[in-house]
Amino acid sequence: MAKKGETIVTKLLGLDAKEIARQYEDGLRLALVKMTRGIMELWDHSMQNGDSCCVFQHNERTADYAFMLAQNMGWSKDDCVVVAEEGMIHDMGKLIVPPSVLNYPERLDNETWERYIIPHPKLASDVILHTGRAGKRLSVGVAQHHERWRGGGYTRKLRGKRIHPDGRVLALADCFDAATNHRPYEKNGPKKPEDMAEEIREDPYGQFDPKMRAVAADCFPEVYRMLDRIGLVRRSA
714 MAKKGETIVT KLLGLDAKEI ARQYEDGLRL ALVKMTRGIM ELWDHSMQNG
764 DSCCVFQHNE RTADYAFMLA QNMGWSKDDC VVVAEEGMIH DMGKLIVPPS
814 VLNYPERLDN ETWERYIIPH PKLASDVILH TGRAGKRLSV GVAQHHERWR
864 GGGYTRKLRG KRIHPDGRVL ALADCFDAAT NHRPYEKNGP KKPEDMAEEI
914 REDPYGQFDP KMRAVAADCF PEVYRMLDRI GLVRRSA
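So the mapping is simple: the working numbering equals the position in the sequence shown, first residue as 1, plus 713.
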């Protein structure tokens, strides 16, 4: 006799209705990530010049850091995959930022920063939310990846445990990758991974979750070396 919510097909497959729904949602989420990655890769190629920030490559590396940090924190496989997917699209809000701003060779002034950079996490999250159920899970970490543990981040100025764990992981992954790869405005070049790991461990400004930062400092340099071996680290223009 069929159980409640069980169809002939789900019975044959050995799956219940909740599992079917979960797999369907996973498929939609993956399709959304693939589509967004494709758009960002095309955009990155169209705007690249010798001094480009390469947002698409930054997203890809951030995803690897996020996955490894979540895994080393003991998260479930599904949660590790989701935070990596968020990493792959976390900077899609920069699609509206002019290349001249992203590639500006100096620190941005406050007006430009507030106009273009501060809104990008919320913009990305809003776009993702408009895709429906598939985007709801992904939107959280994307929206919060610039929030700071002791406050002072953007765009909602959350702090502490009010920041979703995905946002806390992405904050570490995003910051480490940005600091250890070429950026047009960094005159001294990228930091060495070991030096950046120590900065994260010490965290003098209280940016990161205290329970995550030591784990990140331990595992990120190895992720960096792996990315370097496959040619994804960008030390110069």
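Even for Gly, the Cβ is constructed at its ideal location relative to N, Cα and C.
Specify the secondary structure class of residue i as computed by DSSP and reduced to three states.
| i | result |
| --- | --- |
| VAL882 | helix |
| ASP916 | coil |
| GLY944 | coil |
| ILE831 | coil |
| SER813 | helix |
| GLY740 | helix |
| ASP922 | coil |
| LYS747 | helix |
| ILE876 | coil |
| PRO934 | helix |
| LEU821 | coil |
For residue i, is the classification buried or exposed, using 16 other Cβ atoms within 10 angstroms of its Cβ as the cut-off for buried?
| i | result |
| --- | --- |
| ASP822 | exposed |
| ASP804 | buried |
| LEU755 | exposed |
| ALA672 | Nothing about residue 672 can be read from this structure; the chain reaches only from 714 to 950. |
| ASP879 | buried |
| ARG875 | exposed |
Using beta-carbon positions only, say whether residue i and residue j come within less than 8 angstroms of one another.
| i | j | result |
| --- | --- | --- |
| ALA856 | PRO834 | yes |
| GLU824 | ARG742 | no |
| VAL882 | VAL796 | yes |
| GLY806 | ARG861 | no |
| ASN772 | ILE809 | no |
| PRO906 | HIS895 | no |
| MET925 | MET748 | no |
| HIS859 | GLY866 | yes |
| PRO897 | PRO818 | yes |
| SER852 | LEU842 | yes |
Leaving aside the five residues before and after residue i along the sequence, list all residues of the same chain whose C-beta is less than 7 angstroms from its C-beta, in chain order.
| i | result |
| --- | --- |
| TYR778 | ALA886, PHE889, ASP890, PHE933 and VAL936 |
| ASP931 | none |
| THR720 | Low confidence applies to THR720: its pLDDT is 48, below 50, so where it sits in the model is not reliable, and the reading given next is rough at best. So no residue of the chain qualifies. |
| PHE769 | MET753, GLU754 and ASP757 |
Once the 5 residues before and after residue i are set aside, which same chain residues still bring their CB inside 6 angstroms of it?
| i | result |
| --- | --- |
| ALA715 | A caution first: ALA715 carries a pLDDT of 45, below 50, which makes its placement in the model too unreliable to give a value. |
| LEU871 | GLU860 |
| THR844 | LEU745 |
| ALA892 | LYS904 and MET909 |
For the alpha helix (DSSP H) that contains residue i, what are its first and last residues?
| i | result |
| --- | --- |
| TYR778 | 768-785 |
| ASP792 | 790-802 |
| ARG869 | Here ARG869 belongs to no alpha helix (DSSP H), and DSSP marks it neither H nor E. |
| LYS849 | 846-857 |
Suppose the cutoff is 8 angstroms on Cβ atoms and the five residues either side in sequence are ignored; what does the same chain contact list for residue i look like?
| i | result |
| --- | --- |
| PHE780 | CYS793, VAL794, VAL796, ALA797 and GLY800 |
| ALA927 | ARG914 |
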